[in-house]
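Each remark here refers to the structure printed beneath this line.
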Ligand SMILES: Cc1cc2nc3c(=O)[nH]c(=O)nc-3n(C[C@H](O)[C@H](O)[C@H](O)COP(=O)(O)O)c2cc1C
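Residue numbers (this note's numbering): 3 to 201.
This is the structure:
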């Protein structure tokens, strides 16, 4: 498992240094992760909801996968992955955004798992008096915070079961003759469909 916490990873700066050889020329903490991204068969990528989208760290990390996309750069095509999103109210936005990022690399999303995490407002020290904090938004003004109202994913059996099922599904797909060429073709069609729907 790789956590981006504490890593210094810039977003893509569109220098086009990667277009000839599919290798990003920016040097930061992504440089040492590149071989791993290239080598593995599948990904489980998770992100927290920040302002109804991905947080900046994972956005920057995924932007840099642009380096794999040029010419016959099929390093990532046809791979599989699970998208995970968590948010103070909902994890759906970051999970959906991850799905889109991966579609551009022709990677199939086998499963999407979303859950409600513990927004920092529950532990910042002002959660009971702050009028715009998540506790007040969820439970109303004058809320008294108790441990049982803090929405941790481990307390949501349906989320934990969905996560276990996603892992199982991913494992089964990988073991049962995973055909990367077929997945690539399917993802190309899905990408084209997304373009035509958003035009
Ligand atoms: C800058 C910032 C913006 C956030 N914006 C949102 C938001 O728009 N929607 C939401 O549901 N949660 C939002 N959150 C809450 C985080 O998504 C939440 O703290 C995180 O999912 C908790 O995950 P954890 O329980 O795994 O630590 C925000 C948190 C921060 C720090």
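Built from N, CA and C at the ideal position, the CB exists for glycine as well.
What residues match up with residue i in a beta bridge as DSSP calls it?
i	result
residue 134	BP columns for residue 134 are empty, so no partner.
residue 51	56
residue 113	84
residue 45	83
residue 118	89
Check whether the Cβ atoms of residue i and residue j sit closer than 9 Å, and answer yes or no.
i	j	result
residue 107	residue 71	yes
residue 81	residue 23	no
residue 117	residue 84	no
residue 127	residue 155	no
residue 40	residue 78	yes
residue 188	residue 74	no
residue 151	residue 139	no
residue 105	residue 196	yes
residue 86	residue 93	yes
residue 27	residue 19	yes
residue 76	residue 192	no
With a 10 Å radius around its C-beta and 16 neighbouring C-beta atoms as the bar for buried, classify residue i as buried or exposed.
i	result
residue 143	exposed
residue 103	buried
residue 2	Because the chain spans 3 through 201 in this model, residue 2 falls outside it and cannot be assessed.
residue 163	exposed
residue 21	exposed
residue 17	exposed
residue 59	buried
residue 153	buried
residue 38	exposed
residue 137	buried
residue 121	buried
residue 15	exposed
residue 90	buried
residue 4	exposed
Touching or not, the stretch 38-50 and the stretch 82-101, by the rule of three or more beta carbon pairs under 8 Å? Output reads yes: the stretch 82-101 touches the stretch 38-50.
Next on the checklist: Could you check whether the stretch 19-35 touches the stretch 63-70, counting it as contact only if at least three pairs of C-beta atoms, one from each stretch, sit closer than 8 Å?
Outcome noted: Touching, yes, given that three or more Cβ pairs across the two stretches are closer than 8 Å.
* Would you say the stretch 164-179 touches the stretch 129-140, given that touching needs at least three Cβ pairs under 8 Å? -> The stretch 164-179, when compared against the stretch 129-140, does not touch it at the 8 Å Cβ threshold.
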